[in-house]
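Written out as structure tokens, the structure is:
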């Protein structure tokens with residue numbers, strides 16, 4: 048299936064690099080040098096995902112995200128930023144962003160994030176209000192999936208909960224949800240005594 052990705056960055060060299068990554072992965076791409084241009088293209092064209100730089104003049108990534116969400120509530124938005132602070136991520140998630148990719152961009156990481164977000168978007172499209180009906184927040188879901196994606200080893204609910212500002216019960220509910228969707232594999236590990244501990248891996 049062919050996907051079209053909008054690349055939004057005021058730096059021409061970065062837009063070129065992102066276009067090369069999209070070309071390599073087999074996706075079509077469009078470009079915008081400003082947030083306002085991005086919103087106009089989003090309104091006029093059929094796009095499947097937006098790569099959006101945080102720090103831009105006039106409309107930064109946060110304002111652009113808010114403006115896009117006024118007209119399109121479903122298109123995945125991945126923020127590109129050098130800022131790793133949790134409070135920045137929280138503000139963007141509240142505004143409607145779906146994911147983050149840290150600069151300097153690493154092609155394998157970005158391609159993985161794009162694929163996951165496209166897959167979630169198709170799931171949402173096919174199942175309508177699945178997230179709302181099941182009481183699943185997309186931002187919380189993405190936080191958990193992003194954590195699992197970064198892990199080289201299996202992760203337990205305790206380990207996920209310690210790294211994210213989410214309660215144990217919430218993590219448990221979300222990983223069970225991901226398991227029912229076939230997006231997470233559950234592996235039981237047996238210790239010397241007591242009940243086996245479940246650990247999780249993103250598929």
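Numbering (this note's numbering), first residue to last: 48 to 250.
C-beta: ideal position from N, C-alpha, C; glycine also.
(request) In the DSSP assignment, find the beta strand (DSSP E) that holds residue 234 and state where it starts and stops. (result) Residue mapping note: residue 234 aligns to position 187 of the chain shown, counting from 1. From DSSP, the beta strand (DSSP E) with residue 234 extends over 231-236.
(request) Within 10 angstroms of the Cβ of residue 231, are there 16 or more other Cβ atoms? Answer buried if so, exposed if not. (result) For this step, residue 231 is matched to residue 184 along the chain shown. Result: buried.
(message) For the ligand PLP, I want to know if residue 119 counts as a neighbour, meaning its beta carbon is within less than 7 Å of at least one of the ligand's heavy atoms.
(response) With respect to small molecules bound, the structure shown includes none, and the ligand PLP cannot be examined in it.
(request) Decide if residue 99 is buried, meaning its Cβ has at least 16 other Cβ atoms within 10 Å, or exposed. (result) The residue you call residue 99 lines up with position 52 of the chain shown. When all chains shown are included, residue 99 counts as buried.
(request) Return the chain-ordered ranges of every beta strand (DSSP E) run that is complete within the segment 122-179 and spans a minimum of 3 residues. (result) 124-128 and 146-149
(message) Could you tell me the alpha carbon to alpha carbon distance between residue 179 and residue 80, rounded to whole angstroms?
(response) The residue labelled residue 179 in the question sits at position 132 within the chain shown. The residue labelled residue 80 in the question sits at position 33 within the chain shown. Because residue 179 sits at a pLDDT of 41, beneath the cut-off of 50, its placement in the model cannot be relied upon, and the point is left open.
(request) Just mark residue 75 as buried or exposed, buried being the case when its beta carbon has 16 or more other beta carbons within 10 Å. (result) Here residue 75 corresponds to residue number 28 of the chain shown, with the count starting at 1. The residue is exposed, with fewer than 16 neighbouring Cβ atoms inside 10 Å.
(request) Give a yes or no on whether the C-beta atoms belonging to residue 147 and residue 122 are separated by under 8 Å. (result) Within the chain shown, numbered from 1, the residue matching residue 147 stands at position 100. Within the chain shown, numbered from 1, the residue matching residue 122 stands at position 75. Cβ distance not < 8 Å, so residue 147 and residue 122 don't count as in contact.
(request) Can you give me the Cβ contacts of residue 68 inside the same chain, cut-off strictly under 8 Å, excluding the 5 residues immediately before and after it? (result) Taking the first residue of the chain shown as position 1, residue 68 is located at position 21. Hits under 8 Å: 152, 154, 157 and 158.
(request) Compare the Cα-Cα distances from residue 196 to each of 78, 161 and 249 and report the closest residue. (result) Against the chain shown, residue 196 aligns to sequence position 149. That would be 249, whose Cα lies nearest to the Cα of residue 196.
(message) Check this for me: beta carbons of residue 211 and residue 234, under 8 Å apart or not?
(response) Numbered from 1 along the chain shown, position 164 holds the residue referred to as residue 211. Numbered from 1 along the chain shown, position 187 holds the residue referred to as residue 234. Against a cut-off of 8 Å, the Cβ pair of residue 234 and residue 211 comes out as no contact.
(request) Can you tell me which of 135, 128, 117 and 188 puts its alpha carbon nearest to the alpha carbon of residue 56? (result) The count along the chain shown starts at 1 and reaches residue 56 at position 9. When each option's Cα is compared against that of residue 56, the closest is 128.
(request) Give the straight-line distance between the Cα atoms of residue 90 and residue 236, rounded to the nearest whole angstrom. (result) Locating residue 90 in the chain shown gives position 43, counting from the first residue. Locating residue 236 in the chain shown gives position 189, counting from the first residue. Going from the Cα of residue 90 to the Cα of residue 236 covers about 49 Å.
(message) Taking the alpha-carbon of residue 120 as reference, which of 73, 103, 95 and 135 has the nearest alpha-carbon?
(response) What you label residue 120 is simply residue 73 of the chain shown in a count that begins at 1. The shortest Cα separation from residue 120 among 73, 103, 95 and 135 belongs to 95.
(message) If the criterion is Cβ atoms closer than 8 Å, does the pair residue 112 and residue 136 meet it?
(response) On the chain shown, residue 112 is found 65 positions in, with the first residue counted as 1. On the chain shown, residue 136 is found 89 positions in, with the first residue counted as 1. No; because the gap between Cβ atoms is not below 8 Å, this pair is not in contact.
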